[in-house]
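What follows is a single structure, written as structure tokens, with notes after it.
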Amino acid sequence: MDVSAHIEAVYDDLRRRDPGEAEFHQAAQEVLHTMGPVLEAHPEYVEARIVERLCEPERQLMFRVPWVDDQGTVRVNRGFRVEFNSALGPYKGGLRFHPSVNLGIVKFLGFEQIFKNALTGMAIGGGKGGADFDPKGRSDGEVMRFCQAFMTELYRHLGEHTDVPAGDIGVGAREIGYLFGQYKRITNRYEAGVLTGKPVGWGGSHVRTEATGYGAVYFAQEMLATRGQHLDGRRVVISGSGNVAVYAAEKVHALGGLVVACSDSSGYVVDEDGLDLELLKEVKEVRRSRISAYAEARPAARFSDRGSVFDVPCDIALPCATQNELNQQDAVALVKNGVLAVAEGANMPCTPDAVEVFRDARILFGPGKAANAGGVATSALEMQQNAARDSWTFERTEDRLAAIMRQVHSQCRVTAATYGGDPDDYVFGANATGFLRVAEAMTAQGVV
Ligand code: NDP
Ligand code: 2IT
């Protein structure tokens, strides 16, 4: 069979059957258009329709989430869980609470998660979920009642061997706590391994909070090392100021770099002295305030709500906010300002034409499936500790994370080279490595 015709047919079919799921189409296209050399080498995967099966989730759940706000008003949100692929292990992936959440976004995230999770080398399948609930401005009581209502429906689909959610945008330790409490209450079972991202005091893993950001910086460091460069003394720009952004910044500073800007959806701050991370955590994690409050508290910093954080000159850019936040124009500005490396802390933050700009300029580019895999990998470490009723030290866990990120990085390069590509092509390397592992398992498990 003609491989490119096969890929085209799968993609056309997917768009026809799921119109209006723009982000899912984009994520699928990004993988499918790199699959040629792999499928040429493995006609058995074409024969077994692996690509077609990968693009169709094993199960998609959508449910009503009714709850009552502090004024006594009844609210109705929509909940999602897409259980995409379980060839390698239980469905694993975060929950996103954000007003923009819809089925297409959950599917794009779940699809990416399959390859990312495979790339970590761990025994986790791919899934994702969330709700179109907006936690901004909601009291703790409202967030708790929402989480309880959400779990009241979702619990029946979860289990440490079935489906194990974690956090994502709008879901952190507070939400995981409320979700776990409700799961425990309904099932009358303390199943620590049913959710990851729990606080360390009751079943969580050290380093899970930091893992995605730290891991993205380790990945950037590995990429730089291939060109004899390092982070020390480098200027770094980070988008977002949530979980991934804050801990990426922390690791950059620990390795001698200087983070000069970060952002949220209202604008960005520039702080030429290097971000004050204690202040940033206080503003974002404790006060749950806007990023402008950082600049108000620090005279050396300035806030802007015009243009893009990526206009700020830097050596390394780490987009850590959300999908399609870094467009072609941003990429051109980064290249013009001499950027050396871009590592995606977020999922699919760079638009396809931005990635093209980096590729043409031979900028080191780490796609999210590889660069942000440290978060889910540490979730898998949390599952291991829960299964063993064990708790590792911070140092031991961080060593494991660092080793996993080195392995993810080298695996991307090796696979790219094996299939006749450029070892610097981390996009192809990540997609192909993840695909091969899942395809082998799916083939062995038969047509299911
Ligand atoms: P948080 O909710 O902690 O932070 C999200 C940050 O991104 C906030 O600063 C937020 O700003 C900003 N943001 C969100 N949506 C938008 C938007 N539409 N436009 C502009 N800015 C936006 O989430 P995380 O840090 O956990 O997640 C960030 C990214 O990393 C996501 O893409 C997520 O999928 C990905 N990721 C997360 C992992 C994890 O372990 N948490 C693991 C791997 C990837 P504001 O407050 O103004 O909304
Ligand atoms: O996108 C991601 O990898 C995450 N949000 C983390 C998923 C997880 O299960 O830890």
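Per my numbering, the very first residue in the sequence shown carries number 602; after that it's consecutive.
We put the CB at the ideal spot given by N, CA and C, even for glycine.
Return yes when at least one heavy atom of the ligand NDP lies under 6 Å from the C-beta of residue i, else no.
i     : result
N1069 : Outside the displayed span of the chain (602 to 1049) sits residue 1069, for which this structure offers no information.
T788  : no
T570  : Not covered by the structure: residue 570. The range shown for the chain is 602 to 1049.
I1005 : no
D764  : no
A918  : no
D769  : yes
A850  : no
A580  : Past the edges of the chain, shown from 602 to 1049, lies residue 580, and the structure says nothing about it.
D603  : no
T813  : yes
G857  : no
G841  : yes
N925  : no
D865  : yes
Opposite residue i in the DSSP bridges: which residues?
i    : result
W993 : DSSP output for W993 lists no bridge partner at all.
S905 : Y869
I917 : V837, A942
F966 : V943
F681 : M663, G731
P766 : G694
R862 : Reading off the sequence, residue 862 comes out as Ala, not Arg. V838, V871.
V669 : V675
N542 : Examination of residue 542 is not possible in this model, given that the chain is present from 602 through 1049 alone.
G760 : D764
V772 : D769
C951 : L927
Using only the heavy atoms of the ligand 2IT, determine whether one of them is closer than 6 Å to the beta carbon of residue i.
i    : result
A947 : no
S909 : no
D874 : no
K885 : no
V808 : no
S980 : yes
A944 : no
K693 : yes
G976 : yes
Ignore the nearest five residues each way along the sequence and tell me which others in residue i's own chain have a CB closer than 7 Å to its CB.
i    : result
K717 : K970, A974, V977, G1035
A934 : F911, D912
V675 : P667, V669
E622 : L704, G705, K708
Please go through the same chain and pick out, in chain order, the residues whose beta-carbon is closer than 6 Å to the beta-carbon of residue i, but skip the five residues on each side of it.
i     : result
H634  : none
V1028 : P968
S980  : A767, T797
Q1050 : Residue coverage of the chain in this structure runs from 602 to 1049, which leaves residue 1050 outside it and unanswerable.
A894  : V884
F734  : N678, F698, F747
A922  : S840, G841, A947
M602  : V647
Among residues of its own chain, excluding the 5 on either side of residue i, which ones have a beta-carbon nearer than 8 Å to its beta-carbon?
i    : result
M949 : E624, Q627, A628, E631, F709, E713, Q924, N925, G969
L640 : V604, H607, I608, Y646, V647, V652
F691 : Strictly speaking, residue 691 in this sequence is Pro, with Phe absent from that position. The answer, listed in chain order, is I725, G726, G760, E761, H762, T763, D764, V765.
Y756 : Q783, Y784, I787, T788
F995 : H807, V808
Using a C-beta cutoff of 7 Å, does residue i count as contacting chain C?
i    : result
N718 : Among the protein chains of the structure shown there is no chain C, as only one such chain exists.
(message) Count Cβ pairs between the region 718–731 and the region 683–698 that sit closer than 8 Å; are there 3 or more?
(response) yes
(message) Under 8 Å, with one C-beta from each stretch per pair, do the region 837–856 and the region 798–813 reach the 3-pair mark?
(response) yes
(request) Indicate whether the contact test is met: 3 or more Cβ pairs, each with one atom in the region 689–705 and one in the region 1004–1016, closer than 8 Å. (result) no
(request) Pair every Cβ in the region 661–672 with every Cβ in the region 907–917, then say whether three or more of these pairs are closer than 8 Å. (result) no
(message) With a threshold of 8 Å, are at least 3 pairs of Cβ atoms found where one atom belongs to the region 854–862 and the other to the region 832–839?
(response) yes
(message) Would you call the region 951–960 in contact with the region 915–935, where contact means no fewer than 3 C-beta pairs closer than 8 Å?
(response) yes
(request) Would you check if the region 781–793 and the region 814–834 touch, i.e. whether three or more CB-CB distances between them fall below 8 Å? (result) no
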